[in-house]
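Below: one structure, written as structure tokens.
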Amino acid sequence: MQRRGLLCGLAAGALHTQAWAQGLEALPDRPIRMVLPFQPGGATDAWMRTVAPALGEALGRTIVAENRSGASAMIGADHVAKSPPDGTTLLFTILTYMQAPMVFRRFPYDPLGDFTPVGQVGAAAATFVVQASTGARNLAEFIAAARGHSFSYGSYGTGSGSHVFSQLLSDAEGLGMTHVAYRGENPLILDMLAGRVQCGLVSHTSTREHIQAGKLRVLAVLGPKRLLYLPETPTFLELGYPALFDWDGVVPLLAPTRTPAPVMATLADGLRRAMARPEIVRRLSDLGLDAAWTPPAATQANLEAAQTRWAKVLQVTGITAE
Numbered sequence: 206m207q208r209r210g211l212l213c214g215l216a217a218g219a220l221h222t223q224a225w226a227q228g229l230e231a232l233p234d235r236p237i238r239m240v241l242p243f244q245p246g247g248a249t250d251a252w253m254r255t256v257a258p259a260l261g262e263a264l265g266r267t268i269v270a271e272n273r274s275g276a277s278a279m280i281g282a283d284h285v286a287k288s289p290p291d292g293t294t295l296l297f298t299i300l301t302y303m304q305a306p307m308v309f310r311r312f313p314y315d316p317l318g319d320f321t322p323v324g325q326v327g328a329a330a331a332t333f334v335v336q337a338s339t340g341a342r343n344l345a346e347f348i349a350a351a352r353g354h355s356f357s358y359g360s361y362g363t364g365s366g367s368h369v370f371s372q373l374l375s376d377a378e379g380l381g382m383t384h385v386a387y388r389g390e391n392p393l394i395l396d397m398l399a400g401r402v403q404c405g406l407v408s409h410t411s412t413r414e415h416i417q418a419g420k421l422r423v424l425a426v427l428g429p430k431r432l433l434y435l436p437e438t439p440t441f442l443e444l445g446y447p448a449l450f451d452w453d454g455v456v457p458l459l460a461p462t463r464t465p466a467p468v469m470a471t472l473a474d475g476l477r478r479a480m481a482r483p484e485i486v487r488r489l490s491d492l493g494l495d496a497a498w499t500p501p502a503a504t505q506a507n508l509e510a511a512q513t514r515w516a517k518v519l520q521v522t523g524i525t526a527e
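Note that our numbering has the sequence shown beginning at 206, numbered continuously upward.
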């Protein structure tokens with residue numbers, strides 16, 4: 206019985222090796238472009254530049270990180286959607302690529318139909334950060350300071366979670382804050398530091414050094430639970446805000462749909478191998494990502510669930526854009 210089990214295991218291993226070899230053979234022997242639909246310098250850029258070389262080593266391919274920002278992530282996402290479906294152009298993104306098309310009346314691609322998941326590298330929680338000059342040390346103090354003043358909030362793109370949830374907060378508290386859209390986190394944070402906007406929902410990755418320096422303050426967290434690296438910061442849910450604020454973002458790696466199945470399987474296994482490296486998970490976690498490998502089918506289910514939840518958020522806020 207043990208001998209039979211050993212033989213079965215060896216056979217399964219040989220089949221996996223054969224499938225891997227076939228997938229690599231189907232993947233064109235040239236550099237893979239990993240496209241990020243945001244400007245350099247933000248949290249998602251740092252996550253991509255951590256994952257890309259590890260995936261390249263797993264596949265035995267050079268991976269070139271490329272930033273294509275604009276139109277709330279839709280320029281970069283559309284570029285990948287319309288690229289040859291051969292596995293050499295991938296999209297590393299957060300859910301803005303899906304959220305923005307549901308806000309805009311016209312959009313160039315189908316967020317679910319035009320992409321196939323390679324896998325998911327983790328989930329990201331957004332933090333509500335304010336300029337220290339507001340004087341607010343908690344969310345209640347910020348609400349009090351914002352009432353009756355012409356405060357502005359920044360986002361990393363119209364139609365993004367950063368935009369919509371900040372607007373949801375402004376509406377819930379009757380603050381009348383003005384939205385200022387940026388092409389990524391980095392320019393938003395620079396303007397927050399300069400006093401041009403007073404607050405915004407951003408990643409902790411991009412703001413922690415400014416928080417440690419006392420220039421910015423983090424007052425609340427989106428999502429279902431407090432963050433391990435911000436144990437003193439409450440969630441919006443704890444502060445009495447509705448269940449819509451229970452939102453944490455999927456961070457997927459996507460390929461154009463119609464990419465051949467053997468290529469997709471090889472890319473997915475390469476990403477699994479990359480995310481199995483403890484130093485990669487540790488580095489991503491240090492950068493503020495709840496890092497964990499999720500296979501393609503489960504990633505697809507997460508994206509579909511996120512789309513359903515986002516539709517409910519938009520129904521409540523009524524936010525649209527041209």
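Where a beta carbon is used, it is the ideal one built from N, C-alpha and C, also for glycine. Note that the structure is a prediction, hence the values are computed from the model and not measured.
V269 versus A345 - alpha carbon distance: Working through the sequence shown from its first residue, we reach residue 269 at position 64. Working through the sequence shown from its first residue, we reach residue 345 at position 140. Near 45 Å, if we compare the C-alpha coordinates of A345 and V269.
Beta-carbon spacing of V334, T383 below 8 Å: Numbered from 1 along the sequence shown, position 129 holds the residue referred to as residue 334. Numbered from 1 along the sequence shown, position 178 holds the residue referred to as residue 383. No. Outside cutoff.
8 Å Cβ cutoff met for A386 and G405: Numbered from 1 along the sequence shown, position 181 holds the residue referred to as residue 386. Numbered from 1 along the sequence shown, position 200 holds the residue referred to as residue 405. No; because the gap between Cβ atoms is not below 8 Å, this pair is not in contact.
Cα-Cα separation between G445 and Y434, rounded to whole angstroms: Residue 445 sits at position 240 when you count from the first residue of the sequence shown. Residue 434 sits at position 229 when you count from the first residue of the sequence shown. Roughly 22 Å between the two C-alpha positions.
A231 versus P467: straight-line alpha-carbon distance, rounded: Along the sequence shown, read from residue 1 onward, the residue named residue 231 stands at position 26. Along the sequence shown, read from residue 1 onward, the residue named residue 467 stands at position 262. So the two alpha carbons sit approximately 7 Å from each other.
Simplified DSSP state of F441, which is helix, strand or coil: Locating residue 441 in the sequence shown gives position 236, counting from the first residue. The answer is coil: DSSP assigns F441 none of H, G, I, E or B.
Cβ-based burial, E390 [other Cβ within 10 Å; buried from 16]: By 1-based counting over the sequence shown, the position of residue 390 is 185. Per the 10 Å Cβ criterion, buried.
Per DSSP, cross-strand counterpart(s) of Y358: Here residue 358 is taken as the residue at index 153 of the sequence shown, counted from 1. Beta-bridge pairing links Y358 to H384, C404.
Test item: CB-CB of A337 and L421 under 8 Å: One-based indexing of the sequence shown puts residue 337 at position 132. One-based indexing of the sequence shown puts residue 421 at position 216. Taking 8 Å as the Cβ cut-off, A337 and L421 qualify as a contacting pair.
Rounded C-alpha distance that separates R487 from A257: In the sequence shown, the residue the question calls residue 487 occupies position 282. In the sequence shown, the residue the question calls residue 257 occupies position 52. Each residue's Cα considered, the two are about 15 Å apart.
Candidates L295, R478, R352, of which the one nearest D376 by Cα: By one-based count along the sequence shown, residue 376 stands at place 171. Comparing Cα-Cα distances from D376 to each of L295, R478, R352, the minimum goes to R352.
Residue interval of the beta strand (DSSP E) (run including L508): Start at 1 with the first residue of the sequence shown, and residue 508 comes out as number 303. Taken as a continuous stretch (DSSP letters only), L508 belongs to no beta strand (DSSP E), being part of the alpha helix (DSSP H) at 501-522.
Burial state of V426 (16 or more Cβ within 10 Å): Sequence index remark: in the sequence shown, residue 426 carries index 221 (1-based). The residue in question, V426, is buried, as its Cβ has 16 or more Cβ neighbours within 10 Å.
Distance between L519 and L508 (C-alpha atoms, nearest Å): For the purposes of this step, residue 508 is taken as the residue at position 303 of the sequence shown. For the purposes of this step, residue 519 is taken as the residue at position 314 of the sequence shown. When rounded, the distance between both Cα atoms is 16 Å.
Cα-Cα separation between S371 and G318, rounded to whole angstroms: To locate residue 371, count along the sequence shown from 1; it is residue 166. To locate residue 318, count along the sequence shown from 1; it is residue 113. Rounded to the nearest angstrom, the two C-alpha atoms are 29 Å apart.
Q244 (DSSP reduced to helix, strand or coil): Along the sequence shown, read from residue 1 onward, the residue named residue 244 stands at position 39. Coil.
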